[in-house]
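Numbering (my numbering), first residue to last: 13 to 260.
For each residue, glycine too, the CB sits at the ideal point set by N, CA and C.
Note that the structure is predicted; figures quoted are calculated from it, not measured.
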Ligand SMILES: [Zn+2]
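Put into structure tokens, the structure is as follows:
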């Protein structure tokens with residue numbers, strides 16, 4: 013079945029070489045490992061290729077820190093494998109359904125970072141308490157239907173609907189989904205959510221929280237999170253990951 017690209021998707025300049033995209037995703041995997049966001053080999057990062065019809069995705073069999081570009085799997089939006097030694101992750105529908113629905117999303121990260129997963133087991137809402145938290149000024153919805161892995165298009169549609177137009181989704185008893193217009197944005201969105209939730213989880217037992225007033229958060233958001241914010245902040249994380257896990 014031919015799947016049309018979502019209406020309104022941004023025109024992307026000429027496709028970069030597939031190998032360059034794979035290298036970028038491999039580096040992003042190493043950033044995820046370096047920043048302690050990985051849960052062993054579980055979780056994935058994906059990227060929608062310029063055709064809008066196929067996705068590169070990290071397989072579950074390989075750890076984030078040991079990924080090489082040869083390990084990436086290429087899959088259609090229907091879940092049909094086109095390239096790769098490993099199998100298409102069982103949770104690919106979690107990614108594929110977002111790409112079908114959100115025209116501007118080019119990259120998605122699904123992870124089980126420790127503090128986000130802790131908050132996902134509690135009946136508490138996410139509260140932005142710091143600079144990283146302000147990225148989520150417009151809210152972080154929670155997918156409460158099931159703690160099971162998202163393995164069918166129907167389940168993927170349900171999580172996509174719950175995500176709506178937001179940057180990230182908290183998945184009850186499971187982890188997070190973060191989206192972006194670039195690999196950098198998807199990765200740093202996941203990192204910032206985990207950092208913000210870590211602060212919340214550690215701060216809450218200490219007593220009543222000092223909340224940031226909404227007008228202040230709005231000013232902070234305007235200042236820090238204009239388009240391109242993640243690309244500007246990415247080089248530091250890339251250098252750190254390359255030092256921790258040098259690409260061969
Ligand atoms: Zn998962």
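Beta bridge pairing from DSSP links residue 183 with 155, 187. Residue state for residue 237 is assigned as coil, using DSSP reduced to three classes. In the three-state DSSP reduction, residue 130 falls in the helix class (H, G or I). Judged by DSSP in its simplified three-state form, residue 30 adopts helix.
In terms of side-chain proximity, the C-beta atom of residue 161 is found nearer than 7 angstroms to a non-hydrogen atom of ligand 1. The C-beta distance from residue 194 to residue 144 rounds to 18 angstroms, too long to fall under 8 angstroms, and the pair is not in contact. DSSP, read as helix, strand or coil, puts residue 51 in strand. Taking a cut-off of 8 angstroms on C-beta distances, the region 71-80 does not touch the region 160-170, as fewer than three cross pairs fall below it. Membership of residue 107 in the alpha helix (DSSP H) is indicated by the continuous run 104-113. Within the region 197-244, the complete alpha helix (DSSP H) segments of 4 residues or longer fall at 226-236, listed in chain order. For residue 100, there is no enclosing beta strand (DSSP E), as DSSP gives it neither H nor E. Residue 127 sits close to residue 210, with the two beta carbons spaced by under 8 angstroms. Taking every protein chain shown into account, the CB of residue 38 has 16 or more other CB atoms within 10 angstroms, so this residue is buried. As the crow flies, the alpha-carbon of residue 48 is around 7 angstroms from that of residue 125.
In this structure, residue 181 and residue 171 form a Cβ contact; the two beta carbons are roughly 6 angstroms apart against a cut-off of 8 angstroms. Around the C-beta of residue 111, 16 or more other C-beta atoms lie within 10 Å, and the residue is accordingly described as buried. Within the model, the alpha-carbon separation for residue 230 versus residue 107 is close to 30 angstroms. Measuring C-alpha to C-alpha distances from residue 141 to each of 40, 224, 184 identifies 224 as the nearest. Of the candidates 154, 119, 88, 134, 119 places its Cα closest to the Cα of residue 196. Residue pairing by DSSP places residue 88 opposite 66 in a beta bridge. As computed with DSSP, residue 192 is found in a beta bridge with 119.
For residue 73, the distance from the CB to the nearest heavy atom of ligand 1 is not below 7 angstroms.
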